[in-house]
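Q:
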Amino acid sequence: MKDAKVLIGIVIATFLIIVGGVFLLGRGSSGSGGSETNVEVLGIEATPAFYDLGEVPINGGMVTKEYSIKNTTDKTIRLKKIATSCMCTTASLDLGGKSTKFFGMEGHGDANPPVNIEIGAGQEGKVIVRFDPAAHGPEGVGPFDRVVWLTFSDPGGVKELTFNGTVVSE
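In the UniProt record's numbering, the protein residues as written are 1 to 170.
Okay, structure coming up:
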């Protein structure tokens with residue numbers, strides 16, 4: 001009788017661990033932080049959508065690039081969040097002469113605060129991206145791919161701005 005109770009206890013504990021694990025895994029979010037991450041936002045045009053930085057000297061200093069963005073719809077679109085794929089990259093939005101702070105990578109318990117900026121119909125702005133080739137130290141030489149995520153609500157979705165290159169020793 002005692003062995004049966006122990007066996008039932010083990011079965012119940014195993015079941016609870018499995019259910020808990022499935023629940024926790026189902027809650028995970030991706031780097032851009034939201035349920036809209038798999039959907040590209042419609043109505044935001046980015047020019048260019050991609051930069052090839054080529055060879056970037058590790059001690060060459062910060063590399064800055066700009067992407068023009070435009071709301072091509074007849075409605076206001078709300079930018080909810082800006083995030084990057086790596087701590088070596090930061091991004092800011094300049095819209096109508098006002099700029100956000102530079103936002104970086106989320107993770108390890110950190111989350112970028114919401115920006116909640118409305119981009120009016122036909123309105124244009126620019127996303128300024130800074131890449132630090134020395135951020136990973138001397139071991140950081142080699143090819144890289146980076147992403148800036150602009151997460152929108154009303155309508156929901158993400159616009160990805162990408163760049164790549166190769167960090168080289170001098």
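Every residue, glycine too, gets a C-beta built ideally from N, C-alpha and C. Just so we're clear, the structure is a prediction, and the values are computed from it rather than from any experiment.
Could you give the distance in angstroms between the alpha-carbon of residue 157 and the alpha-carbon of residue 145?
A: 21 angstroms
Q: Would you call the region 45-53 in contact with the region 89-98, where contact means no fewer than 3 C-beta pairs closer than 8 angstroms?
A: no
Q: So what's residue 13 in DSSP terms, helix, strand or just coil?
A: helix
Q: Inspect the CB distances between the region 105-124 and the region 62-81 and report whether three or more fall short of 8 angstroms.
A: yes
Q: Which two residues bound the contiguous beta strand (DSSP E) that contains residue 116?
A: Careful: residue 116 lies outside any beta strand (DSSP E) and carries neither H nor E.
Q: Nearest to residue 155 by alpha carbon, out of 41, 2, 18?
A: Per the C-alpha coordinates, the member of 41, 2, 18 positioned closest to residue 155 is 41.
Q: For residue 65 and residue 137, I'd like the C-alpha separation in whole angstroms.
A: 22 angstroms
Q: Can you tell me whether residue 57 is helix, strand or coil according to DSSP?
A: strand
Q: DSSP state of residue 4, grouped into three classes?
A: helix
Q: For residue 101, I'd like the list of residues in its chain whose CB is within less than 8 angstroms of its CB, leaving aside the five on either flank, ordered along the chain.
A: 92, listed in sequence order.
Q: Roughly how many angstroms separate the alpha carbons of residue 90 and residue 147, rounded to a whole number?
A: 10 angstroms
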